[in-house]
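Since the structure comes first, as C-alpha cells, the remarks are kept for the end.
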Amino acid sequence: MRLPLRRALSPAAVRRAFSTAAASRPQWAMIRQAPPVRSPSPHASLLLAEPPRDSYLLVPDHLIDRRPGPDPSSDIRGILGGTVHATSGDGGLLLVVYMDSHAPAPIISKIVTGAFPARPRVSDLAGLDLSDPDFIRFVCNPITGELFRLPDIDGTKKTMFRGCDNAGLLTRSAAGAGHGSPDSYAVAVLGEDRNGGTFNMRRFLSRTGKWEKLVGLPSPLPLTRRMDMYTEAVAFAGRLWWADLTWGVVSADPFSDWPELHFVELPRNSVWPVPSTDLVQEQAMHRRLGISEGRLRYVEVSQEDPFVVSSFALDDDGSGWTLEHEVALGRICQVKGGGPRDTARIAVIDPLNASVMYLIVGKHVLGVDMDMGKVMGCSLADETEGPPYAITSVLKPCVLPPWLSSSKIPAAGTFSRDNGDAKSKTLSDILVRADSDKRGKGDRKGKGKMEGEGC
Numbered sequence: 300m301r302l303p304l305r306r307a308l309s310p311a312a313v314r315r316a317f318s319t320a321a322a323s324r325p326q327w328a329m330i331r332q333a334p335p336v337r338s339p340s341p342h343a344s345l346l347l348a349e350p351p352r353d354s355y356l357l358v359p360d361h362l363i364d365r366r367p368g369p370d371p372s373s374d375i376r377g378i379l380g381g382t383v384h385a386t387s388g389d390g391g392l393l394l395v396v397y398m399d400s401h402a403p404a405p406i407i408s409k410i411v412t413g414a415f416p417a418r419p420r421v422s423d424l425a426g427l428d429l430s431d432p433d434f435i436r437f438v439c440n441p442i443t444g445e446l447f448r449l450p451d452i453d454g455t456k457k458t459m460f461r462g463c464d465n466a467g468l469l470t471r472s473a474a475g476a477g478h479g480s481p482d483s484y485a486v487a488v489l490g491e492d493r494n495g496g497t498f499n500m501r502r503f504l505s506r507t508g509k510w511e512k513l514v515g516l517p518s519p520l521p522l523t524r525r526m527d528m529y530t531e532a533v534a535f536a537g538r539l540w541w542a543d544l545t546w547g548v549v550s551a552d553p554f555s556d557w558p559e560l561h562f563v564e565l566p567r568n569s570v571w572p573v574p575s576t577d578l579v580q581e582q583a584m585h586r587r588l589g590i591s592e593g594r595l596r597y598v599e600v601s602q603e604d605p606f607v608v609s610s611f612a613l614d615d616d617g618s619g620w621t622l623e624h625e626v627a628l629g630r631i632c633q634v635k636g637g638g639p640r641d642t643a644r645i646a647v648i649d650p651l652n653a654s655v656m657y658l659i660v661g662k663h664v665l666g667v668d669m670d671m672g673k674v675m676g677c678s679l680a681d682e683t684e685g686p687p688y689a690i691t692s693v694l695k696p697c698v699l700p701p702w703l704s705s706s707k708i709p710a711a712g713t714f715s716r717d718n719g720d721a722k723s724k725t726l727s728d729i730l731v732r733a734d735s736d737k738r739g740k741g742d743r744k745g746k747g748k749m750e751g752e753g754c
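Using this note's numbering, read the sequence shown as starting at 300 and increasing by one per residue.
Structure (C-alpha cells):
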C-alpha cells in the first residue's frame with residue numbers, strides 16, 4: 300500500500316471546509332485524499348469541489364489514534380497519511396484508512412518530493428521496516444462528518460499483510476439501493492488461500508460490531524491461476540467485486556452466512572494469457588472497474604497512439620460484457636506532448652453518466668464525453684507526490700445522495716430490515732439496474748475519434 304503524503308492544506312482551506320453548508324453541492328465528488336488536519340472539530344469535513352477538480356476529506360488529527368512519536372534526536376520521523384480507500388457506491392459512505400509509520404528522514408524527503416522510485420531497490424529501503432506501519436480504519440459519512448473507528452483486524456494495527464489492500468465497503472437499506480439511509484454495512488477483504496483451491500474472507504459486519512474470518516470458501520476460478528486483487532473492491536448489486544485487472548472479477552455477498560463466490564472474465568481481448576510481471580499499481584492507470592448509471596463497468600485505455608478508450612458494461616446475467624464505447628482520444632494526448640508519462644491514464648469513471656470518463660493527460664485531469672467527442676472540463680493535476688500511478692490509485696468517485704445529510708452510520712447490533720433470502724436468488728436475479736429510466740437510452744455503443752481540445 301502506497302503511503303499517501305501531500306503538502307499541508309492552508310488554514311483558510313481548513314476553515315472553509317469546516318464551515319461549508321450542504322445546501323448546494325455537486326451530486327458526486329472526486330475525492331483525492333483524507334489528510335489529517337489540526338482542528339478541534341469532533342467530526343470530519345468535506346472540502347468539496349465540482350469534478351474534474353479534486354475534493355478532500357479533512358479529518359481532525361485528535362480523532363486518529365496515533366502511535367507515540369520517534370525519539371526527536373534520531374534520524375527517524377513519524378509520518379501519517381490518509382486516503383479514502385473505498386466507497387459504498389450509492390450508499391454514500393466511505394472507508395477511510397490512515398497509515399501511521401516511522402521512517403528514516405531521507406526516505407521521507409524522497410517520498411514528499413516525488414523522488415522515491417516506483418520500483419525501489421534494496422538500497423532505497425535502507426533503514427525502513429516494512430512491517431512497521433500502523434493502519435487505522437474508519438467508516439465515514441462525508442456530508443455529516445460522522446466517523447466510526449473500526450476495530451483493529453486480529454487485534455493489531457500492523458496489518459501490512461496481503462489482502463488488506465483490496466478492502467471494500469457495502470451498505471444495505473430497507474428502502475432499496477440508493478433510495479435511503481443504510482441500515483447496515485459490511486467491510487470485507489478477500490484473498491486466495493496460499494495452498495490454492497479456496498478463498499479466505501475477513502469481514503466486519505455492523506450488526507455484530509466485530510471482525511471475523513471465513514476460511515475455505517470454494518474457488519469459482521476456471522483455471523489454476525492465482526488472482527492478483529490489489530485494487531479496492533467495488534460495491535454493486537448487493538455484492539463486492541474484486542478485480543484482477545489482467546484476468547477477471549470475483550464477487551461475493553459479504554453479508555451472507557457463507558458467501559458464494561462468482562467469477563466473470565474480463566472482455567476477451569483484455570485477458571492476458573499469463574499473469575503480469577508489472578506493478579499491480581501500474582495496471583490500474585490504464586484499466587479500471589467501477590459503477591456508472593447503475594451498472595458495473597470495465598474501462599481501459601490503450602497506451603499507444605491513438606490512445607483508444609474502451610468502455611464495457613456487465614451483462615444483466617453477470618456472465619459477460621457488452622462494449623458500449625470505443626473512442627480514439629486523438630489530439631487530446633498530442634496537445635499535451637505525448638511520451639510515456641503523458642499517456643492517458645484513468646482518473647475515475649463518472650458514476651452518474653456512463654458516457655463521461657475522467658482522464659489524466661499530462662498535467663491535467665480532463666472530463667471527456669465519449670458520446671459527444673469533446674472535453675467537458677479540465678483542472679490541473681498535482682502530481683508532486685510520487686510516480687505516475689500515485690494519483691490514479693487514490694482518486695475515488697463518491698456519490699452524494701440528498702438523504703446523506705440526515706443519515707447516521709449504522710451502529711453495532713442494528714441490521715437491515717431487508718430480509719429477502721439472498722441464498723434463493725441467482726446472481727442474474729440481483730443484477731438489476733439502479734436507475735431503471737436509463738433503459739430507454741437503447742444501444743449507447745459509440746465509435747469514433749475524439750477531437751476535443753485540452754485546457
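Think of the CB as a built atom: it goes at the ideal place given N, C-alpha and C, for glycine as much as any other residue.
{"Query": "Whole-angstrom C-beta distance between Val438 and Ala466, which should lie under 8 Å", "Result": "Contact flag wrong, Cβ pair sits at about 11 Å."}
{"Query": "4 or more residues per run - each alpha helix (DSSP H) lying fully within the region 546-620", "Result": "579-582"}
{"Query": "Strand pairing of Pro403, partner residues [DSSP]", "Result": "Ile375"}
{"Query": "Pick from Asp614, Arg436, Arg644 that is closest to Phe606, judged by C-alpha positions", "Result": "Arg644"}
{"Query": "Stretch pair the region 544-563 + the region 401-418: three plus CB contacts closer than 8 Å", "Result": "no"}
{"Query": "Simplified DSSP state of Ser344, which is helix, strand or coil", "Result": "strand"}
{"Query": "The region 329-337 contacting the region 401-408, beta-carbon criterion three pairs below 8 Å", "Result": "no"}
{"Query": "Within 7 Å, strictly: CB atoms of Trp540 and Met528", "Result": "no"}
{"Query": "Exposed unless 16 or more other CB atoms sit within 10 angstroms - verdict on Ala320", "Result": "Unreliable placement is indicated for Ala320, whose pLDDT of 42 sits below 50; the coordinate value is still reported in the next sentence. Ala320 should be labelled exposed."}
{"Query": "For Trp510 and Ile452, believed in contact at Cβ under 8 Å, the rounded distance", "Result": "5 Å"}
{"Query": "Glu603 burial status per 10 Å Cβ neighbour count (16 or more: buried)", "Result": "exposed"}
{"Query": "Assigned secondary structure, Ile363 (DSSP; H/G/I helix, E/B strand, else coil)", "Result": "coil"}
{"Query": "Expected contact under 8 Å - CB spacing of Ala343 and Leu449 to nearest Å", "Result": "Wrong, their Cβ atoms sit about 15 Å apart, outside the cutoff."}
{"Query": "Exposed unless 16 or more other CB atoms sit within 10 angstroms - verdict on Thr497", "Result": "exposed"}
{"Query": "Assigned secondary structure, Gly676 (DSSP; H/G/I helix, E/B strand, else coil)", "Result": "strand"}
{"Query": "Short Cβ contact (7 Å threshold) for Ser483 with Arg506", "Result": "yes"}
{"Query": "CB contact check: Val514 to chain D, cutoff 7 Å", "Result": "Absence of chain D from the displayed structure is noted, only one protein chain being present."}
{"Query": "Chain-order list of residues whose beta-carbon lies under 7 Å from that of Ile648 (same chain, five-residue window excluded)", "Result": "Arg587, Gly589, Ser591, Arg596, Val598, Met656, Pro696"}
{"Query": "Residue range of the unbroken beta strand (DSSP E) whose run includes Asn499", "Result": "497-504"}
{"Query": "Candidates Asp614, Ala646, Val573, Ser340, of which the one nearest Thr443 by Cα", "Result": "Ser340"}
{"Query": "Pair within 7 Å by beta-carbon distance, Leu356 and Pro481", "Result": "no"}
{"Query": "Contacts around Ala612, its chain only, beta-carbon distance under 6 Å, and the 5 residues preceding and following it disregarded", "Result": "Arg594, Arg596, Thr621, Glu623"}
{"Query": "Span of the beta strand (DSSP E) around Phe535", "Result": "533-535"}
{"Query": "C-alpha distance - Leu429 paired with Thr458, whole-angstrom precision", "Result": "11 Å"}
{"Query": "When Pro350, Val693, Asp360 are compared against Cys677, the one with the closest alpha-carbon", "Result": "Pro350"}
{"Query": "Buried versus exposed, by CB contacts within 10 Å (16 or more), Ser705", "Result": "exposed"}
{"Query": "N- and C-terminal bounds of the beta strand (DSSP E) containing Ile442", "Result": "First-last for Ile442: undefined, no H or E at that position."}
{"Query": "CB of Ile406 within 7 Å of CB of Leu427, strictly", "Result": "yes"}
{"Query": "C-alpha distance - Gly615 paired with Lys409, whole-angstrom precision", "Result": "Correcting the residue identity first, residue 615 is Asp in this sequence and not Gly. So the two alpha carbons sit approximately 47 Å from each other."}
{"Query": "Distance between beta carbons of Val514 and Arg494, contact taken as under 8 Å", "Result": "One detail in the question is off: residue 494 reads as Asn in this sequence, not Arg. In fact, because the Cβ distance is near 11 Å, the residues do not count as touching under 8 Å."}
{"Query": "Residue range of the unbroken beta strand (DSSP E) whose run includes Leu513", "Result": "509-517"}
{"Query": "Three-state secondary structure (DSSP) of Val395", "Result": "strand"}
{"Query": "Per-residue DSSP class, three states only, for Ile410", "Result": "helix"}
{"Query": "Val693 burial status per 10 Å Cβ neighbour count (16 or more: buried)", "Result": "buried"}
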